[in-house]
Amino acid sequence: MPLQRFPTPDVEEETPKLTLASREAMESIFIPHIVGKYRIEVSLEYGLVALLASILKPRRASELKNENVNITRENTQLKRDLEAGHGKSKRLKVDLKELKREIARNKVKSTRVCTNDIEVFKSSEEFEILQSNYAQDSYWNSLKDAHT
Numbered sequence: 005m006p007l008q009r010f011p012t013p014d015v016e017e018e019t020p021k022l023t024l025a026s027r028e029a030m031e032s033i034f035i036p037h038i039v040g041k042y043r044i045e046v047s048l049e050y051g052l053v054a055l056l057a058s059i060l061k062p063r064r065a066s067e068l069k070n071e072n073v074n075i076t077r078e079n080t081q082l083k084r085d086l087e088a089g090h091g092k093s094k095r096l097k098v099d100l101k102e103l104k105r106e107i108a109r110n111k112v113k114s115t116r117v118c119t120n121d122i123e124v125f126k127s128s129e130e131f132e133i134l135q136s137n138y139a140q141d142s143y144w145n146s147l148k149d150a151h152t
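Listed below in structure tokens is the structure:
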């Protein structure tokens, strides 16, 4: 089946000029496919635009679809990380409250121990010696003796 040549409209000055050989080569390659596809007569420039649009459009759509899928995956992963972070922060808050309770209990225990130690010390002979020395104005000497 011989290829038909279609008349081309005047090309604007902004578009690059094609040589006659390259124009004929492109017309023989591209135009029959586009004409067969759309069943209309098109010029080379419009045919190239239509061909490029038909080639690029599915790629762009598939790329956008892939990007959308990737973004959705990232969003779900971030949501999971956020939920895990919330759970971890709640556990840390509970642990912090438990530590505060434990510190308060230990303070009470240490206060009891100190109180008991003071009472034991007050009933000891060393305390009586310190009191007698303090009454005699030799308190500093008695402290030095107690530490040695």
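Residues in the sequence shown are numbered consecutively from 5, following this note's numbering.
Think of the CB as a built atom: it goes at the ideal place given N, C-alpha and C, for glycine as much as any other residue.
S66 sits in a helix when the DSSP states are folded into three classes.
In the three-state scheme derived from DSSP, where H, G and I count as helix and E and B as strand, S128 is classed as coil. Shown here for A108: not one same chain residue has a beta carbon closer than 6 angstroms to its own, the five before and five after excluded. Cα atoms of S66 and S93: separation of roughly 40 angstroms, rounded to the nearest angstrom. Straight-line measurement puts the Cα of Q81 at about 26 angstroms from the Cα of D99.
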